[in-house]
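Here is the structure we will look at, set down as structure tokens.
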């Protein structure tokens, strides 16, 4: 449809990875899906407890096989969700062991991200408050764990050190989130909250309502503490995220809204320098840049 109308269109998929096999990835690529984010909560004994099938069965092995099978189809952001129960070097090392056992390619389109568990929805707010890190401690934990990823030859997702060219896509004019039932939202985190619906693709409707306008109107420069902060271009008012200010449910994202870079800038610059030097050496040896399509 977009090709017929001469409209530029790209998409990304956020998935648990269980059904995202090679056949599905190739199909999605034909429809201009350019990147997949897949989440793991740790090695099998942890992940399978947190993300089981309805029958109680595990999902880890199948997800890992799918990651291996689609690693040459599109870039993958492999997200490791951190909280106080799983954020330690031993657990991350065991997860990396599993990637190596499965022969997940290292010089490939895979970035390993260390993500923070946050109280975005009612389902996770109590767990996040009890087990989650604040932004300062999360920043310290990244510095502690990221070297393990780099040392093992996988690529640590270092996109946080790039200036944010714009805020979250929820504030962009032509960006939408489509739920499985066709409902249209502005923010991924608000899916399921009927108060945040702005239309439905099956009904060919989308209206300029307050639900749409409030996201477009959000301004990261309104807070005085942000205006005076020297990392504003890297953070844009809280990693460029308008959710805490705009979403109807308004769950508190963190006691500290700042980017973790405010607390680990020096260490992150050193980490990223070493990693990118390693990447450069890899490109020189192989004659090609396997990472050129990875957003960073």
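In the numbering used here, the protein residues as written are 4 to 299. Think of the CB as a built atom: it goes at the ideal place given N, C-alpha and C, for glycine as much as any other residue. All values derive from a computational prediction rather than experimental measurement.
Pairing residue 38 with residue 27, the inter-Cα distance amounts to about 13 angstroms. From the listed residues 108, 92, 241 and 58, the smallest Cα separation to residue 117 is found for 92. Under the DSSP assignment, residue 42 falls in the beta strand (DSSP E) whose first and last residues are 36-43. DSSP places residue 84 in the strand class (E or B) of the three-state scheme.
By a beta-carbon distance limit of 8 angstroms, residue 170 does not contact residue 247. Their separation comes to about 13 angstroms. Considering only 115, 271, 131 and 194, the residue with the shortest C-alpha distance to residue 158 is 115.
Annotation: residue 83 to residue 45 spans about 7 angstroms, alpha carbon to alpha carbon. DSSP links residue 79 through a beta bridge to 39 and 113.
Annotation: residue 161 is outside any alpha helix (DSSP H) and is labelled neither H nor E by DSSP. With 16 or more other CB atoms across the displayed protein chains lying within 10 angstroms of its CB, residue 23 is buried. Per DSSP, residue 141 is one residue of the alpha helix (DSSP H) stretching across 138-154.
The Cβ atoms of residue 235 and residue 244 lie no closer than 9 angstroms to each other.
Restricting attention to alpha helix (DSSP H) runs no shorter than 4 residues, the region 160-234 encloses them at 213-219 and 227-230, ordered along the chain. Taking the Cα positions, residue 63 is about 20 angstroms away from residue 111. Around the beta-carbon of residue 263, 16 or more other beta-carbon atoms lie within 10 Å, marking it buried.
DSSP places residue 121 outside both helix and strand once states are collapsed to three, so it counts as coil. Cβ neighbours of residue 181 within its own chain (closer than 7 angstroms, five residues either side excluded): 187 and 204. Short of 8 angstroms from the beta carbon of residue 206, and not among the five residues preceding or following it, lie these beta carbons of its own chain, in chain order: 185. With contact defined as three or more Cβ pairs closer than 8 angstroms, the region 99-111 and the region 63-73 are in contact. A distance below 9 angstroms separates the beta carbons of residue 135 and residue 120.
Residue 98 is classed as buried because its beta carbon has at least 16 other beta carbons within 10 Å across all chains shown. Between the region 137-153 and the region 188-200 there are fewer than three C-beta pairs closer than 8 angstroms, too few to call the two in contact.
Around the beta carbon of residue 218, 16 or more other beta carbons lie within 10 angstroms, which makes this residue buried. With distances taken between CA atoms, residue 35 lies nearest to 15 out of 15, 21, 51 and 25. Annotated three-state conformation of residue 250 is coil, per DSSP. DSSP links residue 17 through a beta bridge to 40. Residue range 25-33 is occupied by the alpha helix (DSSP H) that includes residue 31. Sequence-distant Cβ neighbours of residue 160 in its own chain, meaning closer than 7 angstroms and more than five residues away, are 80, 114, 115 and 116. Rounded to whole angstroms, the Cβ separation of residue 237 and residue 164 is 7 angstroms, and the two are in contact under 8 angstroms. Proximity to residue 50 across 40, 57, 41 and 61 peaks at 61, based on C-alpha coordinates. Between residue 266 and residue 139, the alpha-carbon positions lie close to 6 angstroms from each other.
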